Amino acid sequence: MKKLLTDIHNHSTFSHDGVSDLKDMLATALEKGVAFYGVSEHFDYDLCEGLQSEHGQIDERGYFHAARHLQEDYAGCMNVLVGAEFGYSDDQKVWGRYATVCEKYAPDFIVNSIHSLDGWDYFSQKAFYTTGANGERITRDEKEVFAEYCKLVERSLDAPYPYDIVGHFGYACRYFPSKKGEIFYADFADEIDGVLKKIIAKDKILEVNASTYGLKQLTLPSEAILRRYFELGGRKISYASDAHQTTSIMREREKIMELLKRMGFTYLTVPCRGEHIKVEI
Ligand SMILES: [Zn+2]
Ligand SMILES: [Zn+2]
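Numbering-wise (the working numbering), the sequence shown opens with residue 33 and increments by one.
Structure, rendered in structure tokens:
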């Protein structure tokens, strides 16, 4: 087992919210000494049609074509993994679209993430409100919304398409209207344990995501959830800067590795075409 730098989950302008060009992202990653760099552009087929047309959808062919060429260019200097981030939905039609992407382009790895509820991204905060009898807006209990989110994550683990990584578990708490910016393990012990135990049973990888805007924590999921995962026997984790621009590649990596080591983790897991590669922390 070797000690190598990894960053498995990044975006470029092929994603609707990407800022830097894929070529620039790769050049920066190489400059920073990354050995395994995962490209995981957004495939947001979970979003409602209105949001999909507002964002503009990914050019599937263009992306895989360009990324595979760059992967060849970097062979021998940096392992570029050409993957995707799928936004999970309970809708079977969405599953079909993701299965087709897998068949057509055989991505090197897939991050399966929850971004939305009923087609609306948590970012839109629609999940946090409901409409009363007189059309008035009622704020929902954040605990109820988060428990519901955990159940959705649990269902996403049964997605019928091949995926490797469970993306940014805890994401919904980024957008709490109270801006509380954190959730407490004890408040959702049963729901969180349900997710963690299933990740372990299914031999999936729990992502440690460094993109924590608005949160009072270094990682997503939080330290308490990562500790619980370790306690339950979970060992497969990946590091993700979830960068959308060159300056965010490898963000907070050293600090996060220190934290993981203190918890007892000794290695990261890199998924590549169904294989799980162990890399020393
Ligand atoms: Zn995501
Ligand atoms: Zn992402």
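From the three backbone atoms N, C-alpha and C, an ideal C-beta is built for every residue, glycine too.
Just so it is clear, the structure is predicted and the values come from calculations on it, not from any experiment.
CA-to-CA, the gap between Val198 and Glu284 works out to about 20 Å. Glu92 has its alpha-carbon roughly 37 Å from the corresponding atom of Arg172.
Taking Val66 as the centre and dropping the five residues before and after it, the same chain places the C-beta of Leu37, Thr38, Asp39, Met110, Ile281 and Met282 closer than 8 Å to its C-beta, in chain order.
DSSP places Arg129 in the uninterrupted alpha helix (DSSP H) bounded by Gln124 to Tyr137. Per DSSP, reduced to three states, the secondary structure at Lys55 is helical. The Cβ atoms of Lys248 and Gly202 do not sit closer than 8 Å to each other. Counted as a single uninterrupted DSSP element, the beta strand (DSSP E) harbouring Leu300 occupies residues Tyr299 to Cys304. Residue range Glu307 to Glu312 is occupied by the beta strand (DSSP E) that includes Lys310. Proximity annotation: ligand 1 has residues Glu117, Ser145, His147, Gly199 and His200 in chain order, each selected because its CB is closer than 6 Å to a heavy atom of the ligand. If you keep only unbroken beta strand (DSSP E) runs of at least 3 residues inside the segment 231 to 312, you get 237 to 241, 269 to 272, 299 to 304 and 307 to 312. The secondary-structure analysis by DSSP pairs Ile170 across a beta bridge with Thr162. Take the alpha-carbon of Ser254 and the one of Asn144: they are about 18 Å apart. Between Gly115 and Gly70, the CB-CB gap stays under 8 Å. The C-alpha of Arg169 is placed about 5 Å away from the C-alpha of Thr163.
Within the model, the alpha-carbon separation for Ala275 versus Leu252 is close to 14 Å. Taken atom to atom, the span from the alpha-carbon of Ser121 to that of Tyr181 is near 12 Å. DSSP places Ala98 in the uninterrupted alpha helix (DSSP H) bounded by Glu92 to Tyr106. Rounded to whole angstroms, the separation of the alpha carbons of Met295 and Arg259 is 6 Å. Per DSSP, reduced to three states, the secondary structure at Ser121 is coil, with no helix or strand assignment. The beta carbon of Met33 sits closer than 8 Å to those of Tyr299, Lys310, Val311 and Glu312, all from its chain and outside the five residues before and after it, given in chain order. Buried is the label assigned to Asn42, since at least 16 other Cβ atoms lie within 10 Å of its Cβ.
When Cβ pairs closer than 8 Å are counted between the two stretches, the segment 93 to 109 is seen not to touch the segment 147 to 166, the count staying below three. Rounded to the nearest angstrom, the gap between the Cα atoms of Asp150 and Cys80 is 8 Å. A Cβ-Cβ separation of about 5 Å places Cys304 in contact with Asp140 under the 8 Å criterion. Using a cutoff of 7 Å, the CB of His48 does not count as near ligand 2, since none of the ligand's heavy atoms is closer than that. Rounded to the nearest whole angstrom, the C-alpha separation of Phe155 and Gly108 is 39 Å.
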